[in-house]
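Inspection log for the structure reproduced underneath, given as structure tokens.
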Amino acid sequence: MKSTKKLPKIITVNMKKGGVGKTAVARLIADYLAKSAKTCLIDADESSNTTKRTNVDRSHNQQAELENIFQKKIVEPVTIQENLDLVLGTANLEQVNVDLASKFNNTIKFLAYLKKQPTFREYEYLVIDTRNDTNIITNNMLVAADLVLGVCDTCADSYDEWLNL
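One point on numbering: in the UniProt record's numbering, the residue at position 36 of the sequence shown is 36, and numbering is uninterrupted.
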């Protein structure tokens, strides 16, 4: 069922270098936007650091896991504070990435879900925290983005990766 309500603005936080603060920046942006707009934070990293920094009980919130989207299931974000919901990252995303490798149009699965399902239509913003690579799931998040925010620290390696973003 296609919804007529427009898609939210999508901000994807990415850098192919670890330890530069992607998770912290994604969370801070989401917290700020949630002060005045319905926002959903998406943890697209199998390390699930964004998810771990919340008090979400994973055992009762499997419906909120990002992998559901790539397994043709409905995802139901969980509320973590007023105006801010979360889609959980899990270690299973690594296997999902492997499974996607053999699929046709594998980098547009997330965007296709956004266009087809009404799940995210209630939000004004989606803020996506990604893994420090360009695997298929990360590429899905980059393709869907209205804005890609490249976070880097002051070291030369970080700057070089930012130039390659």
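We treat Cβ as the ideally placed atom computed from N, Cα and C, and that holds for glycine. This one's a predicted model, so the numbers in the text were calculated from it and none came from an experiment.
Inset, instruction - Measure the Cβ-Cβ separation of residue 54 and residue 43 and say whether it is below 7 angstroms. - result: No, Cβ-Cβ distance for residue 54 and residue 43 is not below 7 angstroms.
Inset, instruction - Could you tell me whether any Cβ in chain D is nearer than 7 angstroms to the Cβ of residue 119? - result: Reference to chain D is not applicable here, since this structure consists of a single protein chain.
Inset, instruction - Please state if the CB of residue 9 and the CB of residue 83 are separated by a distance shorter than 7 angstroms. - result: Contact: no.
Inset, instruction - Starting from the N-terminal side, write out each stretch of the alpha helix (DSSP H) that is 4 residues or longer and does not extend beyond the UniProt domain "AAA" (9-150). - result: Here the runs fully enclosed are 22-34, 49-52, 67-70, 93-100, 109-116 and 136-144.
Inset, instruction - Specify whether the segment 27-34 and the segment 61-78 touch according to this definition: at least 3 beta carbon pairs, one from each stretch, less than 8 angstroms apart. - result: Output reads no: the segment 61-78 does not touch the segment 27-34.
Inset, instruction - Please go through the same chain and pick out, in chain order, the residues whose beta-carbon is closer than 7 angstroms to the beta-carbon of residue 68, but skip the five residues on each side of it. - result: Result list for residue 68: 74 and 75, in chain order.
Legend entry - Whole-angstrom distance between residue 40 and residue 88, CA atom to CA atom: Going from the Cα of residue 88 to the Cα of residue 40 covers about 11 angstroms.
Inset, instruction - Compute the Euclidean distance between the alpha carbons of residue 134 and residue 97, then round it to the nearest angstrom. - result: About 11 angstroms.
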